[in-house]
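2 protein chains.
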Amino acid sequence: MKEIMKTAVVGIGSRGSSLIPDAILPAGEEFGVEIAAVLDAYRDRTKLGADIVEERTGKRPKEAASYEEILNDPDIDAVIITAAWEPHIDLAVKAMKAGKYVAFEVGGAYSVEDCWRLVHTFEETGVPCMLLENCCYDRRELMTLRMVREGLFGEIVHAGGGYCHDLREEIAFGRENRHYRLRNYMNRNCENYPTHELGPIAKVFDINNGNRMMTLTSTASSAKGLHDYVLRKKGTDDPLADVDFLQGDVVTTVIKCAKGQTITLTLDTTLPRTYSRGFTVRGTRGAYFGETDSVFLDGTHNAFEFKGKALWGNAAEYEEAYQHPLWKEYDPRGGHGGIDFLVICAFFEALTAGTRPPIDVYDAAAWMSITALSEISIAQGGAPVEIPDFTRGKWYMRGDIDGSLRFNLDRADVFEGFYQKK
Amino acid sequence: MKEIMKTAVVGIGSRGSSLIPDAILPAGEEFGVEIAAVLDAYRDRTKLGADIVEERTGKRPKEAASYEEILNDPDIDAVIITAAWEPHIDLAVKAMKAGKYVAFEVGGAYSVEDCWRLVHTFEETGVPCMLLENCCYDRRELMTLRMVREGLFGEIVHAGGGYCHDLREEIAFGRENRHYRLRNYMNRNCENYPTHELGPIAKVFDINNGNRMMTLTSTASSAKGLHDYVLRKKGTDDPLADVDFLQGDVVTTVIKCAKGQTITLTLDTTLPRTYSRGFTVRGTRGAYFGETDSVFLDGTHNAFEFKGKALWGNAAEYEEAYQHPLWKEYDPRGGHGGIDFLVICAFFEALTAGTRPPIDVYDAAAWMSITALSEISIAQGGAPVEIPDFTRGKWYMRGDIDGSLRFNLDRADVFEGFYQKK
């Protein structure tokens, strides 16, 4: 094995240019991975990426002229894709075919067929591919997962979450920065960003590892927020003033799992509010409520507590006893409170150990498919839509699937057996 | 008109026996209404009802032997129904046919046909009928309604709410008190209690008065909470230990309105948690979030506030400026923080003025139908189900419908025009 592994970073927009210094370089120091090449569809951004790396490391990476140049470079071991949503799967598939470990940023799928391509390409090539779902690594999500695994919440029957983030400014005026969200909000009406909340829930529910998602229904409100925002900010002369945005302001998706659990997802990005992912997990003996950052344990807390106010924020009291080992072992740094660092660490760990990553093509396909499926359900007036079983039956045959389908975020040497099922 | 109006109270279980002293007698003093008769299916409860009234007023009401005795009594002007869920509509229909003003407690409908019977009977008899949805009168619901009417939230596009109330003890062991919930949880799987949250939302959305609900989808989680609770509390010898409860622990219902708004309802009564109705209203320029009792106004509050914690509980700051006139004018007393008193006042106001009540048969039919419709949607795997237009087109013809279909909770003489639409 090589002493130092080499990765390329593809897509140097606002995400790539912050992920490099905040997560990829620090995690690379931890695991011995260098950024050897950068690439963007715009030359100015390719140069920007190289500048950022050089400034931090003193070593200038190659400014690649094309994706093929990266894939054909035998020195490059891996590719990290931080481009716009649309090309994610194409780029990941090409990387697997070229034998490069690949990780790609979050976003929903544009068609179910693309999700199948991810799966088929992995199965044909055997090259690992990871979805960089950073929210799986957040403090509360991991603490909740630990509490669930330790049985504090009893049997889990329901979970909810949302991507609740006022993005009106970025969507409407990010165009000045060549942002890709605007074209999506003009042309699609769907749960366009499901994985931040669904990823952590799927791990709690053992999706693809003893459980699976069966069907969903999706319903969109009318689209009023962006239009009102554009008119107030720029007036009727703005090019967007007459645009008929298709993306509903609030999209509610309800998923039913094979083992009877339900999952509710909310997309909520074009109305005024504070940020929340509302990550909530409900069991027969306890719960975590993200909206109020509170833990409720049957027999410990009082159900008659008015509006639960006395419990708001009490999750912090559980950190000492139940914080996830990853948050104790590592020193999360950088973007988004450290979760970017942790998710890149997970990818580099798999890359350097030659193992499969903890969020693999089956996870990516199942989670990302929600976008394409919700679009169909909304167009059909909320009709239930089948969620494909991308494992084709292997989800209940643990022995047949590589152990990495369980949530082995923890380093096996340190925390072996931590996630063994009861 | 009579100096003193006379009402009967039918159903003296835990609800009736608390509503009499907490709300019916105090509101009766306000409006000049006496309790002249009481009735329950159990004789001991009929006597209890008479005892309660006599103790408070010194005057013993008639202990009726049958509902017919009440309906045939020409001295009785009105009937208040606080019985088990199942007979509500039958009793209300009979009262209208007998020419008695009637009000009945909340609960869902068992069939859509029953909802039509309410509407047809009202249209044939002209006798007013009110649903006693006390939550329409709660502080935050009314404050939010006022803020919406005054335009603070912009155009409203989405709302949500739930009946989130740990009822495991009452459901499983209320049988010792002849409670009706157990048989419902054993035999039905539906959004069995929608009106506490839907009522206030329907008033915000002008349902039946410029808008209507078109379709819903409903999805239930598995039913695990009650079984686990029974086993832990009573062990395997309890008669309920082997019961296969049909009612899912969490039921998520999504409603689409004619004007494009969406409404999400959550039934959540058999898992551990604190009480919440989660009443939430979202507009293009502001929002109220019940879960954290917070107001967000575009341009005033910071969308980047982490998890919105700085805003938790800030709704109290808006009370002085935006509290509803009813909460300033009246002195709400008694059960459920005063809302029982206010809803009975609304009924007595209509009764004594000879007008239609603010929550009428069209409201009752539309709101209660959600239960029967959700049962069908769940049974069909979440398929969208049509919500009937119980007004048959009159919902967009304000002039054709009695003005009381608007939310005239306020006393017209004091607050005339308060709810005029902008």
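If you read the protein sequences in the order shown, they are chains P and B.
Each residue of the first sequence is one higher than the one before, counting from 4 in my numbering.
Each residue of the second sequence is one higher than the one before, counting from 4 in my numbering.
C-beta: ideal position from N, C-alpha, C; glycine also.
Quick caveat: nothing in here was measured; it's all calculated off a predicted structure.
C-beta neighbour in chain P for residue i, strict 8 Å
i	result
H182(B)	no
R285(B)	yes
Y325(B)	no
E66(B)	no
D25(B)	no
A415(B)	Summary for A415(B): the model assigns pLDDT 35, below 50, so the residue's position carries little reliability, and this model does not support an answer.
R215(B)	no
D231(B)	yes
G31(B)	no
D431(B)	For chain B, the structure presents residues 4 to 425; residue 431(B) sits outside this window and is missing.
Y278(B)	yes
K62(B)	no
L274(B)	yes
K425(B)	Note on K425(B): pLDDT 25, under 50, position unreliable in the model; no value is reported.
T218(B)	yes
E322(B)	no
L22(B)	no
R401(B)	Note that R401(B) scores 49 on pLDDT, short of 50, meaning its location in the model is unreliable; the coordinates nonetheless yield the value given after this. Not an interface residue.
Assumed close pair residue i, residue j - CB separation to whole angstroms, cut-off 8 Å
i	j	result
T277(P)	L314(B)	7 Å
A86(B)	G31(B)	No, A86(B) and G31(B) are not in contact; Cβ-Cβ is about 20 Å, not under 8 Å.
I84(P)	T10(P)	The pair is not a contact, with the Cβ atoms about 11 Å apart (cut-off 8 Å).
L121(B)	C139(B)	18 Å between Cβ atoms; not a contact.
A40(P)	A67(P)	5 Å
S224(B)	D252(B)	5 Å
G510(P)	M371(P)	Since the displayed chain P opens at 4 and closes at 425, residue 510(P) lies outside it and no answer follows.
E294(B)	G302(B)	Contact flag wrong, Cβ pair sits at about 23 Å.
CA nearest to the CA of residue i, picked from the options
i	options	result
F299(P)	G16(P), E320(P), R280(P)	E320(P)
T269(P)	C118(P), N195(P), R171(P)	N195(P)
R181(P)	A367(P), K397(P), R18(P)	R18(P)
T172(P)	Y166(P), H230(P), V207(P)	For the sequence presented, residue 172(P) should be read as Glu rather than Thr. Considering only alpha carbons, the answer is H230(P).
D363(P)	T49(P), E126(P), G35(P), A67(P)	E126(P)
A369(P)	A356(P), F350(P), P391(P)	P391(P)
Y399(B)	C139(B), R143(B), C260(B)	C260(B)
K62(P)	E72(P), E71(P), L28(P), D93(P)	L28(P)
K262(P)	A353(P), K331(P), I159(P)	I159(P)
P1(P)	K236(P), T303(P), P361(P)	Residue 1(P) lies beyond the residue range present for chain P, which begins at 4 and ends at 425; the question has no answer from this structure.
V246(B)	G302(B), P387(B), Y232(B)	Y232(B)
L274(P)	G286(B), A162(B), G102(B)	G286(B)
D93(B)	N75(B), D76(B), Y70(B), P77(B)	Y70(B)
E378(P)	T255(P), A306(P), Y325(P), G302(P)	T255(P)
E33(P)	G316(P), T49(P), H91(P), C348(P)	C348(P)
K206(P)	T265(P), G154(P), D169(P), L145(P)	L145(P)
7 Å Cβ shell around residue i - same chain, five flanking residues per side excluded
i	result
L234(P)	A244
E389(P)	T218
M99(P)	V105, T124, F125, T128, V130, C132
F156(P)	M150, V284, G286, R288, G289, A290
G52(P)	V12, I15, G19, S20, I23, V41, D43
L354(P)	M8, V36, D80, A81, Y104
Cutoff 8 Å; reference residue i; Cβ partners in own chain excluding five residues on either side
i	result
L249(B)	Y188, M189, N190, R191, N192, A226
Beta carbon proximity, residue i to chain B, threshold 8 Å
i	result
H161(P)	yes
A244(P)	no
E37(P)	no
E153(P)	no
P458(P)	Absent from the structure is residue 458(P), since the part of chain P shown begins at 4 and ends at 425.
K436(P)	Any answer about residue 436(P) is impossible in this case: the structure gives chain P only from 4 up to 425.
A318(P)	no
A290(P)	yes
S224(P)	yes
G164(P)	no
Neighbourhood of residue i by C-beta, 6 Å cutoff - its chain only, sequence neighbours within 5 removed
i	result
Y291(B)	T147, V284, V298
L135(P)	A106, E108, V346
P387(P)	T218, T220
**Selection of the region 294-316 of chain B by Cβ proximity to chain P, strictly under 9 Å** = E294, T295, D296, S297, F299, L300, D301, G302, H304, N305, A306, F307, E308, F309, K310, G311, K312, A313, L314, W315, G316
**Prompt:** Just by C-beta distance, which residues in the region 240-272 of chain P are closer than 7 Å to chain B?
**Reply:** D252, V253, T255, V257, K259, G263, Q264, T265, T267
**Request:** Report the residues of the region 380-399 of chain B with a CB closer than 7 Å to any CB of chain P, ordered along the chain.
**Result:** G384, G385, A386, P387
**Request:** Check distances from the C-beta atoms of the region 78-104 of chain P to those of chain B and list, in chain order, the residues that come in under 8 Å.
**Result:** So nothing in the stretch comes that close.
**Residues, ordered as in the chain, of the region 342-376 of chain P that lie near chain B by beta-carbon distance below 8 Å** = Answer set for the region 342-376 of chain P: empty.
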